[in-house]
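*Asks:* First the structure, which I've put down as structure tokens, then a few questions once you've had a look.
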Amino acid sequence: MSDTTPILRVSNLSVAAGGPPDRVPIVHDVSFEIGQGEILGIVGESGSGKTMTALSIPRILPSGVATSGGQVVFDGEDLTQASERRLRKLRGQSIAVVFQDPMRALNPVHRVGRQVAEPLRLHRLKSRSQAARLAETWMERVGIPAPHTRTRDYPFQFSGGMRQRALISMALACQPRLLIADEPTTGLDLTIQVQIMDLIKRLTAEFNMAAILISHDLNMVASVCDRVQVMYAGRIVETGPTRQVLRNPRHPYTKALARAVPAGDQPPGTPLYTLPGIPADPTDVRDGCSLFARCSYRRERCSRDQPELLTVGGHHRAACWVSQVGMELNDG
Amino acid sequence: MVETTELLRVRDLCRYYRQSSLPWRRAGRVHAADGVSFDIDRGQAFGLVGESGSGKSTVARCVLRLEKPDSGSIVLDGTDITRLSDSRLRPLRRQVQTVFQDPASSLNPRWQIADIVAEPLHSFGYDKPARDRRVHEVIDLVGLSRGRLHAYPHQLSGGQQQRVAIARALTLNPALIVADEPLSALDVSIQAQVLNLLLDLKRDFGIAYLFISHDLPVTQHLCDTVAVFHLGKIVESGPSSEVFRTPAHPYTAALVSAAPAELSADRPVRERIVLEGEQPSPVNPPSGCRFRTRCFRATEECAVTEPPLVEISSGHRVACYHPILSDLFQPSDGQAVPSDRQAVLSGNQAVSSDSQTER
Chain A
7 MSDTTPILRV SNLSVAAGGP PDRVPIVHDV SFEIGQGEIL GIVGESGSGK
57 TMTALSIPRI LPSGVATSGG QVVFDGEDLT QASERRLRKL RGQSIAVVFQ
107 DPMRALNPVH RVGRQVAEPL RLHRLKSRSQ AARLAETWME RVGIPAPHTR
157 TRDYPFQFSG GMRQRALISM ALACQPRLLI ADEPTTGLDL TIQVQIMDLI
207 KRLTAEFNMA AILISHDLNM VASVCDRVQV MYAGRIVETG PTRQVLRNPR
257 HPYTKALARA VPAGDQPPGT PLYTLPGIPA DPTDVRDGCS LFARCSYRRE
307 RCSRDQPELL TVGGHHRAAC WVSQVGMELN DG
Chain B
250 MVETTELLRV RDLCRYYRQS SLPWRRAGRV HAADGVSFDI DRGQAFGLVG
300 ESGSGKSTVA RCVLRLEKPD SGSIVLDGTD ITRLSDSRLR PLRRQVQTVF
350 QDPASSLNPR WQIADIVAEP LHSFGYDKPA RDRRVHEVID LVGLSRGRLH
400 AYPHQLSGGQ QQRVAIARAL TLNPALIVAD EPLSALDVSI QAQVLNLLLD
450 LKRDFGIAYL FISHDLPVTQ HLCDTVAVFH LGKIVESGPS SEVFRTPAHP
500 YTAALVSAAP AELSADRPVR ERIVLEGEQP SPVNPPSGCR FRTRCFRATE
550 ECAVTEPPLV EISSGHRVAC YHPILSDLFQ PSDGQAVPSD RQAVLSGNQA
600 VSSDSQTER
């Protein structure tokens with residue numbers, strides 16, 4: 007964890023979807039911080055609330071979804087209380103987002119160079135010609151070959167990996183202090199995924215940015231993140247320094263995620279550790295731990311009380327009653 | 250039926266696509282599969298790994314005879330099916346079934362699960378009682394509850410939908426299941442469940458797989474033998490544990506290093522090989538070795554002629570003039586490179602570990 011004061015502090019954030027009569031919570035009481043130059047990974051399966059958590063920071067949640075409680079303090083300012091006008095100023099300039107699907111995030115009828123220069127123009131940081139030149143520089147920095155000619159291309163002329171690079175250059179053009187990347191490598195080829203991850207890691211270090219990396223792939227995140235937090239059914243179930251969490255997971259769900267990927271030291275063909283059933287629905291609010299129905303370590307208490315996120319050693323915290331009484335999550 | 254261990258033999262399979270073009274332009278040819286050869290024995294899982302656009306799905310479609318190859322031969326259980334007419338092919342089709350990547354789009358949204366699973370039985374003329382019996386059997390096998398038989402696909406989760414697709418593939422007792430990225434649309438914890446199911450079916454019924462994937466750890470876990478596919482060609486093949494533990498082709502090495510390292514184990518995070526650039530166009534592949542433009546070991550020689558697939562140790566073949574023999578990818582127990590492998594390769598290249606991490 008960073009020693010300096012955090013650039014972002016999210017406390018007790020809740021997000022709900024739908025109108026007042028049938029409003030359903032989708033993120034419950036999430037708290038975390040990020041320091042400057044730090045990369046935080048948020049890991050979870052589809053529907054776990056990881057994307058909604060991240061999108062509520064610059065308040066760009068889809069329509070019908072809104073924060074229902076908690077604070078998002080960015081650089082000393084509570085964004086949940088900020089005006090729309092103030093947020094518009096921050097978005098793209100201080101907080102930038104890279105979305106999952108680069109084809110949908112780029113406008114198909116505008117040239118790539120213009121789109122990369124757009125944030126610079128919108129925030130009136132640069133003149134048109136300066137912005138165009140800077141866009142080219144950024145495109146070169148993220149590894150787009152021949153940027154001078156590629157700025158004139160349209161998104162369909164770019165490959166998937168190149169589009170994602172263009173999006174990253176767009177996000178970084180204003181030199182934001184916080185970068186949010188939502189599944190930036192999903193759908194890309196493995197060798198390209200590595201390139202993009204490598205790029206994000208290099209640039210966050212180079213420009214001393216903070217970054218949130220959202221992924222469903224625990225191991226992919228592990229290669230670049232300083233810390234990870236694992237989400238399940240709208241809650242953080244485990245958080246801590248990446249290595250500690252992956253080497254010694256203290257929540258059964260994290261353990262299942264880590265073990266669901268075959269490891270090289272396991273003889274081929276042996277059954278993988280799995281959780282029975284399907285992921286819990288975060289909107290289905292009930293007493294006790296949301297993993298209860300699928301967990302093989304469950305105790306009687308787990309069905310009654312929602313486990314709290316408590317330390318299991320240093321900055322490593324887990325929301326599991328079984329771990330908290332010091333028991334090991336052994337196989338079986 | 251003759252009892253042999255060999256189930257499928259593919260030799261020099263070529264499939265080109267004419268690139269749709271404007272009338273005044275010369276049409277290009279996409280070399281989707283270019284001289285592909287492999288064997289699958291009964292009960293054996295064969296993995297084909299490669300990146301998108303490498304042509305691995307084309308190979309699957311040719312084996313399923315959804316497409317006719319341009320040249321080469323496909324022999325299924327002793328019968329050459331390459332040019333067989335549809336009517337002669339039909340009885341053989343029950344031997345080879347398929348599971349596709351996206352379960353939602355491979356199931357008819359307006360049919361109930363029971364009808365979807367029974368369809369292959371229907372088209373092979375089973376009567377209603379026989380169909381019902383078999384549907385119940387396979388539904389139990391794949392771990393779906395019988396209560397879901399009258400549900401529609403959209404009422405099931407992605408993992409359950411993929412189980413339905415697998416159940417449908419099982420109904421006719423096939424000898425081979427062609428599975429094209431069957432896990433990639435699923436969440437990680439569900440992936441593991443379906444992978445376990447595939448392993449059970451292989452063990453219990455001796456089903457062979459042609460398993461197509463870009464996921465190396467999963468392929469290594471399921472498959473006995475693998476082939477690494479790059480731009481329509483096999484660049485490396487062999488027993489899966491050997492290919493992934495000691496990759497000899499620079500492309501395989503890059504893929505292996507890109508695959509997320511197993512973090513539960515106490516081993517250092519591996520140095521990653523970051524390949525520069527992207528796959529060249531399959532319309533105009535580079536001269537000589539098709540990987541040379543991204544390769545960190547390429548020399549002038551690689552641009553001249555295409556490296557042949559040569560055996561470097563028993564069953565392990567590689568198509569590269571400068572295969573990797575450094576200790577970087579040696580198993581941690583310090584096993585030395587098999588001496589026969591050294592002998593074959595000691596000829597013309599220096600074993601350099603510094604070129605490994607070039608960026």
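Quick mapping for you: the protein sequence lines, in order, are chains A and B. When you line the first sequence up against the numbering used here, it's residues 7 to 338, in that order. When you line the second sequence up against the numbering used here, it's residues 250 to 608, in that order. For glycine and all other residues, C-beta sits at the position ideal for the given N, C-alpha and C. Predicted model only: the values in this text are computed from it and were never measured.
#1: So is Ala-262 of chain A in contact with chain B if we call contact Cβ pairs under 8 Å?
#2: Give the DSSP-derived three-state secondary structure of Ser-221 of chain A in the structure shown.
#3: Among B:Ser-372, B:Leu-257, B:Asp-319, B:Asp-364, which one has its Cα closest to the Cα of Ser-293 of chain B?
#4: Using the rule of at least 16 other Cβ atoms within 10 Å of the residue's Cβ for burial, across every protein chain shown, is Asp-195 of chain A buried or exposed?
#5: What does a CB cutoff of less than 6 Å around Val-30 of chain A pick up in its chain, not counting 5 residues either side in sequence?
#6: CB Tyr-458 of chain B to CB Ala-418 of chain B, shorter than 8 Å?
#7: Considering only residues of the same chain and omitting the five flanking positions on each side of Leu-446 of chain B, which have a CB-CB separation below 8 Å?
#8: Can you name, in chain order, every residue of its own chain whose Cβ lies under 8 Å from the Cβ of Gln-361 of chain B, other than the five neighbours on each side?
#9: Counting only Cβ-Cβ distances shorter than 8 Å, please list the residues of the region 199–210 of chain A near chain B, keeping chain order.
#10: Just the chain B side, please: which residues come within less than 8 Å of Ser-17 of chain A by C-beta, in chain order?
#11: Taking 8 Å as the limit between beta carbons, can you name the residues of its chain near Gly-167 of chain A, skipping five residues before and five after?
#12: For Arg-448 of chain B, go through chain A and note every residue whose CB falls closer than 7 Å to its CB, in chain order.
#13: Considering only the alpha carbon of each residue, which of A:Phe-164, A:Ala-299, A:Arg-323 lies closest to Met-109 of chain A?
#14: Would Gly-82 of chain A be called buried (16 or more neighbouring beta carbons within 10 Å of its own) or exposed?
#15: I want to verify the contact list: residues of chain A whose CB lies under 8 Å from the CB of Asp-319 of chain B, in sequence order.
#16: What is the C-beta distance between Arg-307 of chain A and Trp-327 of chain A, in whole angstroms, given that I count them as a contact (C-beta under 8 Å)?
#17: For a contact defined as C-beta to C-beta under 7 Å, what are the partners of Arg-521 of chain B on chain A?
#18: Give the DSSP-derived three-state secondary structure of Phe-578 of chain B in the structure shown.
#19: Quick one: is Gly-408 of chain B near chain A, going by C-beta distance under 8 Å?
#20: Measure the beta-carbon distance from Leu-184 of chain A to Ser-100 of chain A and round it to whole angstroms, keeping in mind my assumption that it falls under 8 Å.
#21: Would you identify the three-state DSSP class for Lys-482 of chain B, choosing helix, strand or coil?
#22: List, in order along the chain, the chain B residues whose C-beta lies closer than 9 Å to that of Gly-167 of chain A?
#23: Taking the runs of the beta strand (DSSP E) that are 3 residues or longer, which of them lie wholly in the region 206–261 of chain A?
#24: In chain order, what residues of the same chain lie with their CB nearer than 7 Å to the CB of Val-308 of chain B, ignoring the 5 residues before and after it?
#25: Can you pull out the residues from the region 428–457 of chain B whose beta carbon lies closer than 9 Å to at least one beta carbon of chain A?
#26: So that I know if they touch, is there some Cβ in chain B lying closer than 8 Å to that of Leu-14 of chain A?
#27: Should the region 497–509 of chain B be regarded as contacting the region 459–470 of chain B, the criterion being three or more beta carbon pairs within less than 8 Å?
#28: Step through the CB atoms of chain B and report whether any lies within less than 8 Å of the CB of Glu-306 of chain A.
#29: Residues of chain A with CB under 7 Å from Glu-300 of chain B, in chain order?
#30: Tell me the rounded alpha-carbon separation between Tyr-265 of chain B and Leu-558 of chain B.
#31: Taking only beta-carbon positions, decide if Pro-285 of chain A is within less than 8 Å of chain B.
#32: Among B:Ala-508, B:Thr-468, B:Leu-471, which one has its Cα closest to the Cα of Val-227 of chain A?
#33: Suppose you measure from the CA of Leu-475 of chain B to the CA of Gly-327 of chain B; what does that come to, to the nearest Å?
#34: Under a Cβ-count criterion, where at least 16 other Cβ atoms within 10 Å of its own Cβ denotes burial, should Leu-85 of chain A be classed as buried or exposed?
#35: For a quick check, are the C-beta atoms of Arg-134 of chain A and Val-148 of chain A less than 8 Å apart?
#36: Using the beta-carbon of each residue, which ones in chain A are nearer than 9 Å to His-463 of chain B?
*Replies:* The relevant details are as follows:
#1: yes
#2: strand
#3: Strictly speaking, residue 293 of chain B in this sequence is Gln, with Ser absent from that position. Nearest C-alpha to Gln-293 of chain B: B:Leu-257.
#4: buried
#5: Ala-23, Gly-24, Thr-289
#6: no
#7: Val-391, Gly-392, Arg-412, Ile-415
#8: Leu-398, His-399, Ala-400, Tyr-401
#9: Gln-199, Val-200, Gln-201, Asp-204
#10: Result: empty, since nearest Cβ-Cβ is about 29 Å, beyond 8 Å.
#11: Leu-194, Asp-195, Ile-198, Gln-201, Ile-202
#12: Sequence inspection shows Leu at residue 448 of chain B; the Arg mentioned does not correspond to that position. Chain A residues near Leu-448 of chain B: Gly-275, Pro-277.
#13: A:Phe-164
#14: exposed
#15: What Asp-319 of chain B touches in chain A: nothing, since even the nearest Cβ is about 26 Å away.
#16: 5 Å
#17: Val-200
#18: Because Phe-578 of chain B sits at a pLDDT of 45, beneath the cut-off of 50, its placement in the model cannot be relied upon, and the following sentence gives the value as read from the coordinates. Here Phe-578 of chain B sits in helix by DSSP.
#19: yes
#20: 7 Å
#21: strand
#22: Glu-527
#23: 216–221, 233–238, 241–247
#24: Leu-262, Ala-282, Val-285, Leu-297
#25: Asp-436, Val-437, Ser-438, Ile-439, Gln-440, Ala-441, Gln-442, Leu-444, Asn-445, Leu-448, Asp-449, Lys-451, Arg-452
#26: no
#27: yes
#28: no
#29: Asp-195, Leu-196, Thr-197
#30: 21 Å
#31: yes
#32: B:Ala-508
#33: Per the sequence shown, the amino acid found at residue 475 of chain B is Val instead of Leu. Using only the alpha carbons, I get a separation of about 22 Å.
#34: buried
#35: no
#36: Asp-195, Leu-196
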